[in-house]
Structures are given as structure tokens and as C-alpha cells.
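**Student:** Have a look at this one before I ask anything.
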Ligand SMILES: Cc1ncc(COP(=O)(O)O)c(C=O)c1O
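Have a look at this one:
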């Protein structure tokens with residue numbers, strides 16, 4: 015047996031000794047809102063890639079990108095080192111001069127929701143565009159198609175929206191509208207891998223889409239993200255932005271893929287300047303390592319099972335929470351969608367005899383983790399108080415989310431027994447308060 019084979023055997027043993035069979039014991043262990051779920055295959059892939067010592071993106075990354083693109087149903091997937099980086103890349107891709115008149119320019123308007131995740135918004139501000147905020151709807155927690163199109167003006171160049179906590183927005187209708195109006199649609203699918211709208215996976219409707227693989231997400235590589243598109247030009251541009259802004263598209267460790275490495279003239283450079291050092295964009299380096307991709311490749315084998323379990327858990331939580339409907343607005347899937355639920359989101363009714371803080375502190379004391387819907391109304395966050403933006407209509411639902419919404423976990427490590435425990439704890443809390 016080679017040293018590698020022996021190490022990989024030992025890795026499997028290590029998994030059995032340290033991780034296998036671990037379950038969360040209700041009331042004894044903390045029930046987090048999210049977390050990673052894995053078996054020996056993730057560990058074996060991780061160690062195997064470390065033994066290659068390739069380190070940067072390599073064979074595992076290539077296999078993962080292929081598998082991911084095939085799963086979603088897009089032509090291209092390019093990995094990035096986080097979902098935030100994927101959002102940055104997706105947005106900057108649409109600013110490329112190579113898109114001519116269609117390129118997003120400084121001062122253009124980009125429609126967002128006020129309950130967005132910060133890094134869905136930040137690239138827009140960082141590039142110098144003007145975010146236009148629309149309110150969210152409760153209980154889907156996505157802005158409605160009607161509200162989004164009301165925000166469109168001559169200055170609108172893009173709509174950049176997330177499928178909130180895995181629940182699709184009305185993406186087919188919006189994609190059609192955007193195409194007609196020549197407005198870019200960026201789908202932030204960071205929380206929604208596997209979600210379906212009208213029979214198609216999210217990430218296939220917009221011009222470009224993003225994913226996150228942080229541990230809270232449907233699959234994880236620790237850190238990581240991806241940009242998806244079926245447009246070859248956008249793919250070429252996004253790889254350029256991702257890889258230092260270079261014009262060359264050689265894979266890591268490869269040279270002269272174009273066959274014209276010393277044969278072209280760009281900008282004011284001398285003829286034949288090495289294509290590897292030609293920069294056609296003011297880019298970044300946002301690549302993922304092969305070790306992250308190795309873990310993600312193993313996670314891909316579990317994606318269907320993970321999404322199914324999330325749906326089951328969400329369904330069970332919904333059944334249990336129906337008993338408390340008097341106190342909570344229950345979550346609803348967008349019509350014609352099959353969400354890939356990221357969490358179970360509740361809004362406490364105005365009339366409830368308790369505050370969100372009281373409830374969340376009680377849940378915490380009973381070892382049940384909760385999370386808020388990002389920053390609530392982001393226009394009220396300190397970093398965003400002075401940004402140049404436009405608000406369409408009121409943001410009253412966003413304020414409600416900010417004051418009274420929270421979510422609990424439905425990720426695959428949670429089971430029916432945990433859900434019973436959660437509902438008993440909420441029942442005890444409510445009995446105390448009523
Ligand atoms: C909707 C949304 N977009 C983007 C991100 C950013 O992803 P990452 O944490 O991988 O940077 C997140 C993070 O969870 C998110 O929820």
C-alpha cells in the first residue's frame with residue numbers, strides 16, 4: 015500500500031473516531047441555526063488534495079465546476095473564494111467595456127431590496143452606482159415583481175436580488191421583463207442552491223448568478239462561492255476579473271492555451287508582449303483553493319439529500335408553528351416555487367405579548383440558536399446612513415423585518431426530535447407570557 019493509500023485509510027478511521035455518529039441532543043447540546051454536514055468522503059478528498067500539494071485551483075476545482083454547472087443547468091460555473099467575492103465578480107463583469115453600450119457605468123441605478131445581505135449591495139456602491147431600494151413582502155421576504163418594476167427608470171441598468179433564505183423571487187417574470195428592457199438581472203442564489211421556480215433551478219433565469227459555500231449554506235467548502243452563467247462572453251469577462259484582470263485564459267500552471275502567447279498587440283504595449291501579462295480589466299484575485307473544491311466535490315454527491323431534508327424540516331416546523339399562528343406570521347413559499355430552505359423565518363405579530371428579544375434570549379437559554387434576516391432595513395445600518403441611494407415607496411415591511419423577524423435552523427443535522435423540542439420550548443415560553 016502506498017503512503018497516500020495508507021493516509022487515506024487512516025483519514026477514514028479518523029472520521030470514524032472523531033466525527034461519526036455525532037448527533038445533537040436536544041436540551042443538552044446547542045441546536046445551531048445552521049452548520050456543516052459531512053462524512054468521510056469530504057475528509058478523504060480534503061486530505062487527498064493536500065497530498066497533491068497543488069494548493070491553488072486544480073483538478074478538484076475543475077471537476078467541481080463541471081458538476082455544479084451540470085446540476086444547476088448552466089453552461090459555465092467559475093468558483094470564487096466566497097459568495098461575497100462571487101457577487102463582486104458578477105457585478106464587475108457587467109461593467110466591462112467589452113459589453114459596449116450595455117456595460118453598467120458609474121451613476122447607473124441598480125434595483126435592490128432594503129433587506130439585502132450587505133455584499134449583495136456593496137459592489138454596487140463600490141463601483142459607484144446608485145442603489146434603488148424596494149420594500150420586501152411578508153411572508154415570502156422577497157420584493158414582489160410589481161414593486162420591482164415600479165422602481166425602473168431610464169437610469170436602471172441592473173436588478174441584483176437574492177432568493178431570500180432559499181425562497182425564490184418571481185424570477186421568470188422578472189427575467190422576461192429585464193430582457194425586454196435590456197436590464198441585467200443578477201440572481202444572488204447564495205442561500206438558494208437547489209431552489210426551483212416554475213420547474214427550473216434558480217440561477218438559470220438571470221444573466222449571471224452567484225452561490226456561497228460558507229458552512230451555513232446548502233453545501234460547504236468552509237469558505238467559497240461560484241458565479242454561474244450560460245453566456246460565453248460574460249464567462250470570459252468574469253474569469254478575467256477573477257484572475258487579476260488578465261486577458262489570458264490559461265488554466266493555473268498552463269501556458270500558451272491560445273497558441274498566440276507572443277503574437278498579439280494590446281493597448282500601447284509592444285507587439286508580442288507575453289499574453290500572460292496582458293490586463294484587459296482592472297481585476298482581482300478571488301480564486302478558490304483546490305482543497306476547498308475537494309470538499310465541495312464530495313458535498314455535491316449529497317446535494318439532493320440535503321435539499322430534501324431542508325424541505326422536510328421546514329414543513330415539519332411549519333406544522334408545529336401553526337399552533338402559534340396567533341403570535342407569529344408563518345413563512346410562505348413564493349407561488350409556483352419549491353424553495354431550498356435556508357432557515358425557518360418567523361415574524362412576531364405586533365399584538366404578541368412578548369418582544370423578539372425576550373423570545374430569542376429564552377430560546378438561547380434553552381440551547382436553540384436563532385438568526386436575524388441579515389441587517390433588517392439596511393438603509394438604517396451605520397455603514398449605509400450616508401450612501402447615495404433612492405428609495406421607492408415605503409420600507410415599512412423592511413422595518414418590520416428589522417424589528418420583529420428571526421429564523422431558526424432547518425439544516426440537515428436537525429431532525430423531528432429537535433423540532434418537537436423547539437416547539438415545546440416555544441410553547442412553554444408563550445404559556446408564561448399569555
Ligand atoms: C444572500 C447572500 N448573499 C451573499 C452572501 C455572502 O456569502 P459569503 O458569506 O460566502 O461571502 C450571503 C452570506 O451568507 C448571503 O446570505
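In the numbering used here, the protein residues as written are 15 to 448. Virtual Cβ for every residue (Gly too), placed ideally from N, Cα, C. Values in this document were obtained by computation on a predicted structure and should not be read as measured data.
(1) Use the C-beta contact count for residue 87: other C-beta atoms within 10 angstroms, 16 or more gives buried, fewer gives exposed.
(2) Among all the DSSP beta bridges, which residues are the ones paired with residue 420?
(3) Quick one: any contact between the region 411-428 and the region 355-363, if contact means 3 or more CB pairs under 8 angstroms?
(4) Could you tell me whether any non-hydrogen atom of ligand 1 is closer than 7 angstroms to the CB of residue 354?
(5) By a C-beta neighbour count over all protein chains shown, 10 Å radius and 16 as the cutoff for buried, is residue 434 buried or exposed?
(6) For residue 291, count the other beta carbons within 10 Å of its own beta carbon; 16 or more makes it buried, fewer makes it exposed. Which is it?
(7) Going by Cα to Cα distance, which pick from 298, 273 and 157 is closest to residue 286?
(8) Any chance the CB of residue 424 is under 7 angstroms from a heavy atom of ligand 1?
(9) Assuming residue 219 contacts residue 189 (C-beta within less than 8 angstroms), just tell me the rounded distance between them.
(10) Please classify residue 415: is it buried, with 16 or more other beta-carbons within 10 angstroms of its beta-carbon, or exposed?
(11) For residue 345, list the residues DSSP reports as bridge partners.
(12) So is residue 392 buried or exposed if we call it buried at 16+ other beta carbons inside 10 Å?
(13) Quick check: what's the CA-CA separation for residue 271 versus residue 69?
(14) Is it buried or exposed for residue 5, if we count other Cβ within 10 angstroms and need 16 for buried?
(15) When you compare the CB positions of residue 118 and residue 108, do they come within less than 8 angstroms of one another, or not?
(16) Go ahead and pull the three-state DSSP assignment for residue 234.
(17) Taking DSSP as the reference, what is the three-state secondary structure of residue 226?
(18) So does residue 358 have its beta carbon nearer than 7 angstroms to some heavy atom of ligand 1?
(19) Sorted by chain position, which residues of the same chain lie with C-beta nearer than 6 angstroms to residue 99's C-beta, five sequence neighbours on each side aside?
(20) For residue 223, count the other beta carbons within 10 Å of its own beta carbon; 16 or more makes it buried, fewer makes it exposed. Which is it?
(21) Would residue 457 pass as a contact of residue 209 if the rule is Cβ separation under 8 angstroms?
(22) Tell me the residue span of the beta strand (DSSP E) that contains residue 91.
(23) Is the region 426-445 in contact with the region 329-342, if contact means three or more CB pairs nearer than 8 angstroms?
(24) Need the endpoints of the alpha helix (DSSP H) that residue 329 sits in, please.
(25) Regarding residue 183 and ligand 1, is the C-beta to nearest heavy atom distance less than 7 angstroms?
(26) For the alpha helix (DSSP H) containing residue 193, list its first residue and its last residue.
(27) To which residues does DSSP link residue 174 through a beta bridge?
(28) Could you pull out every residue in the same chain whose Cβ sits closer than 6 angstroms to the Cβ of residue 48, ignoring the five residues on either side in sequence?
(29) Quick check on the DSSP output: the alpha helix (DSSP H) that includes residue 374 runs from which residue to which?
(30) Express the C-alpha separation of residue 181 and residue 468 in angstroms, rounding to a whole number.
(31) For residue 184, which residues of its own chain have a beta-carbon under 6 angstroms away from its beta-carbon, when the five flanking residues on both sides are left out?
(32) Assess, as a yes-or-no matter, whether the region 110-117 is touched by the region 145-163 under the definition of 3 or more beta carbon pairs within less than 8 angstroms.
**Tutor:** Let me spell this out:
(1) By one-based count along the chain shown, residue 87 stands at place 73. By the 10 Å Cβ count, residue 87 comes out exposed.
(2) What you label residue 420 is simply residue 406 of the chain shown in a count that begins at 1. DSSP lists 360 as partners of residue 420.
(3) yes
(4) By one-based count along the chain shown, residue 354 stands at place 340. Checking the Cβ of residue 354 against ligand 1 gives no.
(5) The residue you call residue 434 lines up with position 420 of the chain shown. Residue 434 is exposed by the Cβ-count criterion.
(6) Taking the chain shown and counting its residues from 1, one reaches residue 291 at position 277. The residue in question, residue 291, is exposed, as its Cβ has fewer than 16 Cβ neighbours within 10 Å.
(7) Reading the chain shown from its first residue, position 272 is the one you call residue 286. Considering only alpha carbons, the answer is 273.
(8) Indexing the chain shown from 1 puts residue 424 at position 410. No - ligand 1 has no heavy atom lying nearer than 7 angstroms to the Cβ of residue 424.
(9) For this step, residue 219 is matched to residue 205 along the chain shown. For this step, residue 189 is matched to residue 175 along the chain shown. Contact flag correct, Cβ pair sits at about 4 angstroms.
(10) Looking up residue 415 in the chain shown gives position 401. By the 10 Å Cβ count, residue 415 comes out buried.
(11) In the chain shown, the residue the question calls residue 345 occupies position 331. Looking at the DSSP assignment, residue 345 forms no beta bridge with any residue, so it has no partner.
(12) Indexing the chain shown from 1 puts residue 392 at position 378. The residue is buried, with at least 16 neighbouring Cβ atoms inside 10 Å.
(13) The residue labelled residue 271 in the question sits at position 257 within the chain shown. The residue labelled residue 69 in the question sits at position 55 within the chain shown. If you take the alpha carbons of residue 271 and residue 69, they lie about 21 angstroms apart.
(14) No answer is possible for residue 5: it lies beyond the span of the chain, which begins at 15 and ends at 448.
(15) By one-based count along the chain shown, residue 118 stands at place 104. By one-based count along the chain shown, residue 108 stands at place 94. Result yes, Cβ atoms of residue 118 and residue 108 sit closer than 8 angstroms.
(16) Stepping through the chain shown from its first residue, residue 234 is reached at position 220. Residue state, collapsed to three classes: coil.
(17) To locate residue 226, count along the chain shown from 1; it is residue 212. Strand, per DSSP.
(18) Here the question's residue 358 lines up with position 344 in the chain shown. For ligand 1, not one heavy atom lies less than 7 angstroms from the Cβ of residue 358.
(19) Taking the chain shown and counting its residues from 1, the one referred to as residue 99 is at position 85. Within the same chain, residue 99 has close Cβ partners 239 and 300.
(20) Taking the first residue of the chain shown as 1, we reach residue 223 at position 209. By the neighbour-count rule (16 or more Cβ atoms within 10 Å), residue 223 is buried.
(21) In the structure displayed, the chain extends from 15 to 448; residue 457 sits before or after that span and is not available.
(22) Here residue 91 refers to the residue found at position 77 when the chain shown is read from its first residue. Taken as a continuous stretch (DSSP letters only), the beta strand (DSSP E) holding residue 91 covers 90-94.
(23) yes
(24) Counting from one through the chain shown, the residue named residue 329 turns up at place 315. Per DSSP, residue 329 belongs to the alpha helix (DSSP H) from 317-335.
(25) By 1-based counting over the chain shown, the position of residue 183 is 169. No; taking the cut-off as 7 angstroms, the Cβ of residue 183 has no heavy atom of ligand 1 nearer than that.
(26) The residue labelled residue 193 in the question sits at position 179 within the chain shown. Where residue 193 is concerned, the enclosing alpha helix (DSSP H) stretches over 185-195.
(27) The count along the chain shown starts at 1 and reaches residue 174 at position 160. Answer by DSSP bridge pairing, in chain order: 200.
(28) What you label residue 48 is simply residue 34 of the chain shown in a count that begins at 1. Correct list, in chain order: 230, 423 and 425.
(29) What you label residue 374 is simply residue 360 of the chain shown in a count that begins at 1. Unbroken alpha helix (DSSP H) run through residue 374: 370-379.
(30) No statement about residue 468 is possible, as the shown extent of the chain runs from 15 to 448 and does not include it.
(31) Taking the first residue of the chain shown as position 1, residue 184 is located at position 170. Cβ neighbours of residue 184 beyond the five flanking positions: 159.
(32) no
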